[in-house]
Amino acid sequence: MEIWIVEKGEKQGPFEAYEVRGRIEEARLTGDELAWHKDQEGWVALREMDIFRSAFEESREVPDIPPPAPPGPPLPFRRLFARWFDVLLYMLLFYSMVRFVGYNLLEAMRSPLAPFYFLPFVLLEAIVLHLTKTTPGKFLLGLRVVTPEEEALCLRVALVRSLRVYILGLGLMVLPLLTGICHVYCFWYLMRSKEAPWDAALQNRVRGGTKEPWRAVIFGMLFIGLMYLLSAVLDPAWVELMEEIRESAERAD
Numbered sequence: 294m295e296i297w298i299v300e301k302g303e304k305q306g307p308f309e310a311y312e313v314r315g316r317i318e319e320a321r322l323t324g325d326e327l328a329w330h331k332d333q334e335g336w337v338a339l340r341e342m343d344i345f346r347s348a349f350e351e352s353r354e355v356p357d358i359p360p361p362a363p364p365g366p367p368l369p370f371r372r373l374f375a376r377w378f379d380v381l382l383y384m385l386l387f388y389s390m391v392r393f394v395g396y397n398l399l400e401a402m403r404s405p406l407a408p409f410y411f412l413p414f415v416l417l418e419a420i421v422l423h424l425t426k427t428t429p430g431k432f433l434l435g436l437r438v439v440t441p442e443e444e445a446l447c448l449r450v451a452l453v454r455s456l457r458v459y460i461l462g463l464g465l466m467v468l469p470l471l472t473g474i475c476h477v478y479c480f481w482y483l484m485r486s487k488e489a490p491w492d493a494a495l496q497n498r499v500r501g502g503t504k505e506p507w508r509a510v511i512f513g514m515l516f517i518g519l520m521y522l523l524s525a526v527l528d529p530a531w532v533e534l535m536e537e538i539r540e541s542a543e544r545a546d
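See below:
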């Protein structure tokens with residue numbers, strides 16, 4: 294069968310069917326070219342010719358790809374301690390900088406802008422999650438945050454996740470009571486759904502390795518050390534606060 298093809302506005306041919314098929318397999322023909330053979334009434338797109346139609350049909354086979362892995366165990370306490378390790382580490386860095394620049398710690402803690410102090414933490418956590426799939430606290434306890442395909446979160450998803458944790462999980466760090474209420478709600482949600490509210494909405498997965506005693510020991514030592522350092526940094530604020538309380542009590546008498 295001799296076939297004529299219009300390419301770049303010019304009629305080319307005649308070609309044998311096997312020649313045309315070879316050019317199709319080499320992706321030298323797109324299928325949109327006009328073609329004709331003597332048993333055909335008029336010019337039609339090459340892909341519409343019965344002899345070549347199958348060469349342009351996309352495979353309809355379903356790829357042999359397993360479905361995304363389901364959420365793992367909830368791991369509530371490992372996640373809670375990992376979260377607070379990250380929070381305390383950020384507080385240590387932030388209030389150390391406040392002291393370094395000479396600003397009054399107690400005034401900084403009482404400032405109406407205090408809830409916004411953690412916005413850099415949200416951004417930093419998102420960047421670290423995007424780059425490493427974990428955070429310092431999660432790394433120490435063998436936790437990773439990934440997509441259902443076990444890939445790292447994109448920066449946008451990581452940022453949304455960190456912001457939701459800050460709002461729903463920590464209650465903006467405004468009042469200890471509000472933070473506690475948020476913890477109770479998130480614990481209930483996590484145990485019921487096997488996912489935290491921010492991970493359920495974004496379809497993230499928190500993966501935890503096997504429980505290794507050495508991780509718990511190292512984490513415990515670092516956690517205590519972190520609390521001690523933070524207490525030392527905040528000590529001037531506590532001293533000033535206790536002095537204010539003492540003076541108020543004396544005036545009341």
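In terms of my numbering, the sequence shown has 358 at position 65, counting the first letter as 1, and numbering is strictly consecutive.
Glycine included, each C-beta is placed from N, C-alpha and C at the ideal position.
Beta-bridge partners assigned by DSSP to residue 394: none are found.
Burial check for residue 323: the Cβ neighbour count within 10 Å stays below 16, so the residue is exposed.
Judged by their CB atoms, residue 500 and residue 439 are nearer to each other than the 8 Å cut-off. Here residue 313 is buried. Its C-beta has 16 or more other C-beta atoms within 10 Å. Counting every other CB atom within 10 Å of its CB across the protein chains shown gives residue 494 a total below 16, marking it as exposed.
By the C-beta density criterion, residue 427 is buried, having at least 16 other C-beta atoms within 10 angstroms.
For the set 402, 330, 347, 430, the Cα lying nearest the Cα of residue 373 is the one of 430.
Boundaries around residue 307 are those of the beta strand (DSSP E), 303 to 309, since no alpha helix (DSSP H) includes it. Following the DSSP letters along the chain, one finds residue 517 in no beta strand (DSSP E) but inside the alpha helix (DSSP H) bounded by residues 506 to 545. For residue 299, there is no enclosing alpha helix (DSSP H); the residue is found in the beta strand (DSSP E) stretching over 295 to 300. For residue 419, the enclosing alpha helix (DSSP H) starts and ends at 412 to 425. In this chain, the beta strand (DSSP E) harbouring residue 437 covers 436 to 439. Residue 336 carries a coil assignment under DSSP once its states are collapsed to helix, strand and coil. Here the C-alpha atom of residue 444 lies approximately 19 Å from the C-alpha atom of residue 366. Residue pairing by DSSP puts residue 498 in a beta bridge opposite 439.
Annotated as proximal: residue 475 and residue 461, with beta-carbon spacing under 8 Å.
In this chain, the beta strand (DSSP E) harbouring residue 328 covers 327 to 330. Classified as exposed, residue 532 has fewer than 16 neighbouring CB atoms from the shown chains inside 10 Å of its CB.
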